[in-house]
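Chemist: Chains as they are written, first to last, in our numbering: chain A, 37 to 372; chain B, 37 to 372; chain C, 37 to 372; chain D, 37 to 372. Positions of the beta carbon are idealized from the N, C-alpha and C atoms, including for glycine. Everything numeric in this text was worked out from a predicted model, so none of it was measured.
Protein chains: 4
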Amino acid sequence: MRFFSDNAAAVHPAVFQALHAADRLDTAYDGDAWSKRLDGALGDLFGTEVRALWVPSGTAANCLALAALCPPYGGVVCHRDAHIQNDEAGAPEFYTHGAKLLLGEGDGAKLTPDSIRAVVDAIANDVHRVQPHAVSITNATEYGRVYTPAEVAAIGELAKARGLGFHMDGARFANAVATLGCAPADLTWRAGVDVLSFGFVKNGGMNAECLVFFRPELAEATLIRRKRAGLLLSKGRYLAAQVLAMLEDDLWIENARAANAAATLLARAAGDRQIHAVEANELFLRMTPAEAATLRAQGFDFYDWAEGEVRLVTSWDQSEADVAPLAEAIAGLQGR
Amino acid sequence: MRFFSDNAAAVHPAVFQALHAADRLDTAYDGDAWSKRLDGALGDLFGTEVRALWVPSGTAANCLALAALCPPYGGVVCHRDAHIQNDEAGAPEFYTHGAKLLLGEGDGAKLTPDSIRAVVDAIANDVHRVQPHAVSITNATEYGRVYTPAEVAAIGELAKARGLGFHMDGARFANAVATLGCAPADLTWRAGVDVLSFGFVKNGGMNAECLVFFRPELAEATLIRRKRAGLLLSKGRYLAAQVLAMLEDDLWIENARAANAAATLLARAAGDRQIHAVEANELFLRMTPAEAATLRAQGFDFYDWAEGEVRLVTSWDQSEADVAPLAEAIAGLQGR
Amino acid sequence: MRFFSDNAAAVHPAVFQALHAADRLDTAYDGDAWSKRLDGALGDLFGTEVRALWVPSGTAANCLALAALCPPYGGVVCHRDAHIQNDEAGAPEFYTHGAKLLLGEGDGAKLTPDSIRAVVDAIANDVHRVQPHAVSITNATEYGRVYTPAEVAAIGELAKARGLGFHMDGARFANAVATLGCAPADLTWRAGVDVLSFGFVKNGGMNAECLVFFRPELAEATLIRRKRAGLLLSKGRYLAAQVLAMLEDDLWIENARAANAAATLLARAAGDRQIHAVEANELFLRMTPAEAATLRAQGFDFYDWAEGEVRLVTSWDQSEADVAPLAEAIAGLQGR
Amino acid sequence: MRFFSDNAAAVHPAVFQALHAADRLDTAYDGDAWSKRLDGALGDLFGTEVRALWVPSGTAANCLALAALCPPYGGVVCHRDAHIQNDEAGAPEFYTHGAKLLLGEGDGAKLTPDSIRAVVDAIANDVHRVQPHAVSITNATEYGRVYTPAEVAAIGELAKARGLGFHMDGARFANAVATLGCAPADLTWRAGVDVLSFGFVKNGGMNAECLVFFRPELAEATLIRRKRAGLLLSKGRYLAAQVLAMLEDDLWIENARAANAAATLLARAAGDRQIHAVEANELFLRMTPAEAATLRAQGFDFYDWAEGEVRLVTSWDQSEADVAPLAEAIAGLQGR
């Protein structure tokens, strides 16, 4: 069984059904009936007026958001371990035309008001230094931790006070909400978030993510930038339909709950092997190469993360029953 | 019946089947079994070694190709009516970091060696002028005309002599090949083409195009640029599978033949209304507003192109029988 | 005697004196006493509040202005023969991050409201087309013609009505004012101009031009862009001092008058050889290669412009007496 | 007396003389007699074939160098405290179209092979991470330390082994050479440096720095980029003349020796206040606010650097006699 990443899991049957349902000629690009329903559907979920744009990847979502919040000559505060810093091949710099990521600290890839202030306050306000224009956080984080609504709101207040835009990379937003049990609104716009990259691909989708603007005016230029980046697919309805399918009948949160539950079960087995508290669907565990080899010999696949550390990620399609054998195997390791 | 554009037609059943067949966990990005088969499958089709990369849109394909052929400070010769000039919202400038499109003339949106020379020879070879680095042609063109292998080869020779890269926008490459009945190789690398944007979305695909490098070394940096543009979808197998499905059993050429046949039937009915000879699946017809209204009243939808001109595009899923009523209606107009 | 270009002439003695007067330690960049006087000095000249920034080249001035008026995804309407289109090696695209120049027509490199409308009205207002955000004109033009205050105002009105920023490339602004005898204000902000590239290098300066913002708020980001482009020289006082010297005692207009007078004298001798009416300090003349050779044999140097055409440019340091021999020689040609 | 920075000092009389000597019409841009002598003059100094381009600022020199060595999607390893990282407002990102600075550690702003390896080895060689393409070091460093020829060569070897270009920011290269007493060649190309930003402005020049390519082929595209960035001043001879004047009669090294000598004298007085060993013309000293106030009350101006730290910079025009009163004043502080 594979625990490499949720980003390569299968597509949920409901998503496939939606693709089939969209399989008839309609207006191209985002003029079709499905695409036009996005603003409303996301607005309902978040309980406020939003502009919602499908995009084919999370990197695209993140970087369009950053470009909407930060000029080419500005900077974006993010965590040193943020996906936008380490795993997007310089896409933020491409989309923003060279804005600079300003790196902050924090346990579990979580920024705090203090760690943001440490970055921002060190920048003299003159023309020689790249000035901060936005903050970007990831929830759930790159280490599977979550920001609570209160933590997000504290950053949101700081952002507002400093005139910074506020972006949330929500590649695993559903997993965070599933863990927190909060309203999506409380974790986003009510906490000061301006733009959310709402991930669906890791959560049962095929190739549609959704960029949600809580400040609708930011969407205007983004519509142009999306086209200019070659992201305005001509048969956009097949992307919109995926997003809509994920929102219907709470599929997005159900899928996230399933993945989280599987991770929680594994975490329990892993005990104090946990390097970061397991709060979503990712596990970072201390494990010797020999132990890792033992698990792999039993048919479990996962990434080595660092020396003596491994990462396991559970997916929407892995039930607790599915992962129980791995939990047992891990617990067995502990017995040694 | 709608004749707006082939870019919003339905997806071919075989493509859907391929999506289902790919619906199981595999390696993310382009490390999966489907993506890895692309080089071979396209290499077989073209009879030479190629590097083939899926991308989710034709604009992305074109602009990655241009970025591979032209530095930020260079220029790309294209037709004044080229899609890259008029319909991509400045995406070429975005991907190339500001390269300049150098506009040439020619009937039916076709460049010729002479019209290219007219552009290139007018540029003094000094540091104040943007120097040409590449030529880009569209086949079939934006006006539904085709370049023959000999015409492409003549441009290819000029490109080689002048040290220019050579890109072909093949959003409707299949339609051109279907018309010409030539080997794909004769229309591309044997004629000097370095990179082809091979379109599938207009021809029965959902959201996968293929960038084909006949000079494989150009693909290396493009792999990075694709990621950097947010185009490296994590579940890439669903794109690769589409391309492979289109290639299997000659689906790509069969679909194009169907669309072309429908267009030819309409062209015959349109007679000397044709503004551009109908050589693929697009018709540009002289038509008064009253005549257009007559057709629309009969349930036929299409775009007004210019004053007294309309455009009709046929799709892979429109049989001759399907379009016969429109042909009759057009012929009826002629009777007036 | 050389008539290649005013852009390589000597430096006026008063400018050199000003450089010497500035030759003592002061604050770096633009914090010095000279730089701080620019806003006031230019504000006085134009009779309104301005922000004035020195820059070391006209290309830099133009492109910073365009970047202030047009986003990366926008377009700038300019004349087909504009310097920014043909002679700046793609610098506008570099500074704007890929904005597109939208080319208009007009005699003598002069745009008109009609020719601008022809460009702008042809652009469908959708996300696929690059939308116009600004107009840029050159006064005096690349062919030595001038726009009158009324002509500029007509373009200014159109720009305002269409929501377009308005830039004037004034590499030879002084020559235009000298010809027109108007107030600088009438040719700029009163006519709707937002930003002026005020040229001094061609007019007796060494390496300082001045960017004048009539909408001061546009200057803020430009201060950053200037630094980010490596244009914020550390000893800025040596640039500011040049600009101030040019403004003192009307040196800028006196120098321009001298150059214009020399050109007028030559124009009189050239008679109907003139391809463009001589309204500043440039002459474009019909001349056979043999005639050109005759002049060159007499020691007069100048550029061939096109087949059967030559260009001559006079400079601030060429008196009518200096150019009289050339006038005579040209008149002599006419006698043949 | 002011010790803020050498970047605002006066211009050496020999430089002014050279400007006057260049004050006659010649070919524009870099076609003049002075500009054409640069390759030869710098080639003589470095004892190898070079291409040498004047530019008006150090930021411009650095960033053109980085653009020559690193593609838009690449990374440049530099010290965390490098000028290109902290003091150029994102100019490296602008010129390279978004390349990423990869930050390394080291005392006194000096990178070491180990600290470079620590950066480079942590980057997985896949398409998701920005790959390193170049190393940039500053000599003398931002903290007034110098790299010896052996230290540079060790980095040069590593760069070569890893396929990285190698740039040296030599804003105070002269000060480094003056301290080391080595041949300029030993500190640059013989140690593997590909491009040097050779600074003259801090050392007696007005507004000309020189970009020296030890791999001449890198200069070709840079000539275009220089124009495209608005840096190809039309009266380039006034820049070339400055560089030539600085090279003549060893003025560049004499000036640097003077500045270094003044700094050394102050360093001796400062004793163990030195935070970084004084190896060029900058001093970073521990000093309480009260002590700093005492000095300022005696007419000495300088920057506070951090809490309890000040920075003093000496210039080419400050003799040991000139700075002796400050030395005495500092020593006096120590007595308290």
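For residue 163 of chain A, return the contacting residues in chain D, with the cut-off set at a CB-CB distance below 9 Å.
Modeler: Residue numbering aside, residue 163 of chain A sits at position 127 when the first sequence is read from its first letter. Those are 125, listed as they occur along chain D.
Chemist: How close, in whole Å, do the beta carbons of residue 119 of chain B and residue 174 of chain B come, if the pair is a contact with beta carbons under 8 Å?
Modeler: Residue 119 of chain B sits at position 83 when you count from the first residue of the second sequence. Residue 174 of chain B sits at position 138 when you count from the first residue of the second sequence. Between residue 174 of chain B and residue 119 of chain B the Cβ distance is about 6 Å, and since that is below 8 Å, they are a contact.
Chemist: Got a sec? Which residues, its chain only, sit under 7 Å from residue 78 of chain B by beta carbon, not counting five neighbours each side?
Modeler: Residue 78 of chain B sits at position 42 when you count from the first residue of the second sequence. So the list reads 86, 88, 246 and 248, once near-sequence residues are dropped.
Chemist: Nearest CA to the CA of residue 238 of chain D: which residue from D:143, D:203 and D:349?
Modeler: Position 202 of the fourth sequence, counting from 1, holds the residue named residue 238 of chain D. For the residues D:143, D:203 and D:349, the minimum Cα distance to residue 238 of chain D belongs to D:349.
Chemist: Tell me, which residues are paired with residue 71 of chain B by DSSP?
Modeler: As a position in the second sequence, residue 71 of chain B is number 35, starting the count at 1. According to DSSP, residue 71 of chain B bridges with nothing at all.
Chemist: Below 6 Å CB to CB, which residues in the same chain sit around residue 352 of chain C once its five sequence neighbours on both sides are set aside?
Modeler: Counting from 1 along the third sequence, the entry for residue 352 of chain C is found at position 316. Within the same chain, residue 352 of chain C has close Cβ partners 239, 240, 291, 294 and 295.
Chemist: Under 8 Å Cβ to Cβ from residue 270 of chain A, same chain only, skipping five residues before and after it: list those, please.
Modeler: Residue mapping note: residue 270 of chain A aligns to position 234 of the first sequence, counting from 1. Cβ neighbours of residue 270 of chain A beyond the five flanking positions: 64 and 65.
Chemist: Just the C-alpha distance for residue 149 of chain B and residue 357 of chain C, rounded to the nearest angstrom, thanks.
Modeler: Here residue 149 of chain B refers to the residue found at position 113 of the second sequence. Here residue 357 of chain C refers to the residue found at position 321 of the third sequence. Going by the C-alpha atoms only, they are around 51 Å apart.
Chemist: Please check if any C-beta of chain A sits within less than 7 Å of the C-beta of residue 270 of chain B.
Modeler: If you number the second sequence from 1, residue 270 of chain B lands on position 234. So, interface residue.
Chemist: Contact criterion: CB-CB distance below 7 Å. Does residue 128 of chain B meet it with respect to chain D?
Modeler: Within the second sequence, residue 128 of chain B is the residue found at index 92, counting from 1. Not an interface residue.
Chemist: Could you check the C-alpha separation between residue 222 of chain B and residue 281 of chain B for me, to the nearest Å?
Modeler: Within the second sequence, the letter at position 186 stands for residue 222 of chain B. Within the second sequence, the letter at position 245 stands for residue 281 of chain B. About 23 Å.
Chemist: Quick test of the definition: if touching needs 3 or more C-beta pairs under 8 Å, does the region 106-113 of chain C touch the region 157-176 of chain C?
Modeler: Yes: at least three Cβ pairs fall under 8 Å.
Chemist: Within 7 Å (strictly less), CB to CB, does residue 72 of chain A reach chain C?
Modeler: If you number the first sequence from 1, residue 72 of chain A lands on position 36. Taking Cβ atoms only, chain C never reaches closer than 7 Å to residue 72 of chain A, which makes this a no.
Chemist: Could you spell out the range, first to last residue, of the beta strand (DSSP E) harbouring residue 260 of chain B?
Modeler: As a working note, residue 260 of chain B is residue 224 in the second sequence. Not the beta strand (DSSP E): residue 260 of chain B falls in the alpha helix (DSSP H), residues 255-264.
Chemist: Could you tell me the distance, in whole angstroms, from the CA atom of residue 372 of chain B to the CA atom of residue 347 of chain B?
Modeler: Taking the second sequence and counting its residues from 1, the one referred to as residue 372 of chain B is at position 336. Taking the second sequence and counting its residues from 1, the one referred to as residue 347 of chain B is at position 311. Note on residue 372 of chain B: pLDDT 47, under 50, position unreliable in the model; the coordinate value appears next. About 21 Å.
Chemist: What residue range does the beta strand (DSSP E) around residue 87 of chain D cover?
Modeler: For the purposes of this step, residue 87 of chain D is taken as the residue at position 51 of the fourth sequence. Element bounds for residue 87 of chain D: 87-91.
Chemist: Can you tell me which of A:278, A:317 and A:365 puts its alpha carbon nearest to the alpha carbon of residue 50 of chain A?
Modeler: The residue given as residue 50 of chain A occupies position 14 in the first sequence. Per the Cα distances, A:278.
Chemist: Less than 7 Å separating the beta-carbons of residue 37 of chain A and residue 338 of chain A?
Modeler: Counting from 1 along the first sequence, the entry for residue 37 of chain A is found at position 1. Counting from 1 along the first sequence, the entry for residue 338 of chain A is found at position 302. Cβ distance not < 7 Å, so residue 37 of chain A and residue 338 of chain A don't count as in contact.
Chemist: So with CB distances below 7 Å, who are the chain A contacts of residue 131 of chain C?
Modeler: In the third sequence, counting from the first residue as 1, residue 131 of chain C sits at position 95. Ordered by position in chain A, no residue passes the 7 Å Cβ test against residue 131 of chain C, which lies about 10 Å from the chain.
Chemist: 7 Å is my cut-off, CB to CB: does residue 339 of chain D come that close to chain A?
Modeler: Reading the fourth sequence from its first residue, position 303 is the one you call residue 339 of chain D. False, the Cβ-Cβ gap to chain A never drops below 7 Å.
Chemist: Would you say residue 372 of chain D faces chain B, with C-beta separation under 7 Å as the test?
Modeler: The count along the fourth sequence starts at 1 and reaches residue 372 of chain D at position 336. With a pLDDT of 46 at residue 372 of chain D, under the threshold of 50, the modelled position of this residue cannot be trusted; read the value that follows with caution. Not an interface residue.
Chemist: List the residues of chain A that residue 99 of chain B touches, going by C-beta distances under 8 Å, in chain order.
Modeler: Within the second sequence, residue 99 of chain B is the residue found at index 63, counting from 1. Going along chain A in sequence order, the residues near residue 99 of chain B (Cβ under 8 Å) are 266.
Chemist: Go ahead and pull the three-state DSSP assignment for residue 372 of chain A.
Modeler: Within the first sequence, residue 372 of chain A is the residue found at index 336, counting from 1. At residue 372 of chain A, the pLDDT of 47 sits below 50, so the modelled position is not reliable and the matter cannot be decided from this model.
Chemist: Write down the C-beta distance between residue 180 of chain C and residue 97 of chain C rounded to the nearest angstrom, noting that I regard them as a contact closer than 8 Å.
Modeler: Locating residue 180 of chain C in the third sequence gives position 144, where the first residue counts as 1. Locating residue 97 of chain C in the third sequence gives position 61, where the first residue counts as 1. Between residue 97 of chain C and residue 180 of chain C the Cβ distance is about 20 Å, and since that is not below 8 Å, they are no contact.
Chemist: Alpha carbon to alpha carbon, what distance is there between residue 243 of chain D and residue 143 of chain B?
Modeler: Within the second sequence, residue 143 of chain B is the residue found at index 107, counting from 1. Within the fourth sequence, residue 243 of chain D is the residue found at index 207, counting from 1. Rounded to the nearest angstrom, the two C-alpha atoms are 52 Å apart.
Chemist: With H, G and I counted as helix, E and B as strand and the rest as coil, what does DSSP make of residue 203 of chain B?
Modeler: For the purposes of this step, residue 203 of chain B is taken as the residue at position 167 of the second sequence. Note: residue 203 of chain B maps to strand in three-state DSSP.
Chemist: Taking only beta-carbon positions, decide if residue 317 of chain C is within less than 7 Å of chain D.
Modeler: Translated into positions along the third sequence, residue 317 of chain C becomes position 281. Not an interface residue.
Chemist: With a cut-off of 8 Å, do at least 3 Cβ pairs link the region 127-141 of chain A to the region 185-195 of chain A?
Modeler: Not touching, per the Cβ criterion.
Chemist: Residue 220 of chain B: buried (16+ other C-beta within 10 angstroms of its C-beta) or exposed?
Modeler: Locating residue 220 of chain B in the second sequence gives position 184, counting from the first residue. Buried, because 16 or more other Cβ atoms sit within 10 Å of the Cβ of residue 220 of chain B.
Chemist: Pick helix, strand or coil for residue 132 of chain A, following the three-state DSSP scheme.
Modeler: Along the first sequence, one-based indexing puts residue 132 of chain A at 96. In this structure, residue 132 of chain A counts as helix in the three-state DSSP scheme.
Chemist: Give every residue of the same chain whose Cβ lies closer than 8 Å to the Cβ of residue 92 of chain A, excluding the five residues on either side of it in the sequence, and list them in chain order.
Modeler: Along the first sequence, one-based indexing puts residue 92 of chain A at 56. Taken in chain order, the residues that qualify are 243, 244, 245, 267, 269 and 275.
Chemist: Roughly how many angstroms lie between the CA atoms of residue 177 of chain C and residue 354 of chain D, to the nearest whole one?
Modeler: Here residue 177 of chain C corresponds to residue number 141 of the third sequence, with the count starting at 1. Here residue 354 of chain D corresponds to residue number 318 of the fourth sequence, with the count starting at 1. Going from the Cα of residue 177 of chain C to the Cα of residue 354 of chain D covers about 49 Å.
Chemist: Can you grab the Cα-Cα spacing for the pair residue 330 of chain D / residue 309 of chain D, in whole Å?
Modeler: Translated into positions along the fourth sequence, residue 330 of chain D becomes position 294. Translated into positions along the fourth sequence, residue 309 of chain D becomes position 273. One C-alpha to the other measures close to 16 Å.
Chemist: Can you tell me where the alpha helix (DSSP H) with residue 156 of chain C in it begins and where it stops?
Modeler: Position 120 of the third sequence, counted from the start, is the residue given in the question as residue 156 of chain C. Its alpha helix (DSSP H) spans residues 149-157.
Chemist: Does residue 235 of chain B get closer than 7 Å to chain C when you measure Cβ to Cβ?
Modeler: If you number the second sequence from 1, residue 235 of chain B lands on position 199. Cβ-Cβ to chain C under 7 Å: no for residue 235 of chain B.
Chemist: Report the rounded CA-to-CA distance for residue 234 of chain B versus residue 207 of chain B, giving the unit in angstroms.
Modeler: Here residue 234 of chain B refers to the residue found at position 198 when the second sequence is read from its first residue. Here residue 207 of chain B refers to the residue found at position 171 when the second sequence is read from its first residue. Between residue 234 of chain B and residue 207 of chain B, the C-alpha separation is close to 6 Å.
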